[in-house]
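In full-length UniProt numbering, the protein residues as written are 1 to 155.
All C-beta atoms, glycine included, are put in the ideal place defined by N, C-alpha and C.
Below is one structure, written out as structure tokens; comments come after it.
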Amino acid sequence: MSQAESNLTLPQDGRCAFCDYLSGARPYTVLSRDDLVAVLVTREQRGIGHLLVLPVRHCPTLLEATEPERHALIDTIARAAHAVDEAFARPGIAVWQNNGTAAHQAIGHLHFHVAGTLPGGGTDFGDVPELSVEATDLIGERIRKGARRAGSWPL
Ligand SMILES: [Zn+2]
């Protein structure tokens, strides 16, 4: 598969927020990580139990992900969905991912969203409050316990 540059327009956001979270330069709830993939608890909860699954390496979009990264991502997405199911018992779990600003990619580091649905269904794509890291740590702890019960820990 070609690794040539894509035609996508990427967000121009200077330092990568996700790389800062993963390096510890900025505080954030990192639920789990291995050599390839990390799981974060986003401060913008658009569902009930909303996680971000991303490659540890700075990789702009799905088009630049390596085969090992792609395989690790989908495995981790499925395990994260099991954990959210066990932790929050929602009737739906949404998974979404955007490439390029035209597709509403906001941070130029590949990430998948995994979120339990809200009461009434769906997820919230409008303005949501930005939670504290203490609050997302608590969500992460609940999901960690759910993952252990579901037999999908570590994610
Ligand atoms: Zn990055």
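- DSSP places Arg33 inside the beta strand (DSSP E), whose first and last residues are Thr29 to Arg33.
- If the five residues before and after Asp137 are omitted, its C-beta is found closer than 8 Å to the C-beta atoms of Thr29 and Val41, all from its own chain and listed in chain order.
- Val84 is the residue among Ala106, Gly100 and Val84 whose C-alpha sits nearest the C-alpha of Glu141.
- When secondary structure is reduced to three states using DSSP, Pro55 falls in the strand class.
- Not a single heavy atom of ligand 1 lies less than 7 Å from the C-beta of Phe112.
- The nearest non-hydrogen atom of ligand 1 is less than 7 Å from the C-beta of Phe18.
- By the Cβ rule, the region 47 to 63 counts as touching the region 14 to 26, because three or more pairs are nearer than 8 Å.
- Between ligand 1 and the CB of His50, the shortest heavy atom gap is not smaller than 7 Å.
- Taking non-hydrogen atoms of ligand 1 into account, the C-beta of His58 is found less than 7 Å away from one of them.
- At a cut-off of 7 Å, the beta-carbon of His104 does not count as near ligand 1: no heavy atom of the ligand is closer than that.
- A distance below 8 Å separates the beta carbons of Ala80 and Leu155.
- Every beta strand (DSSP E) of 3 residues or more that sits fully in the region 111 to 148 is shown, in chain order, as 112 to 116.
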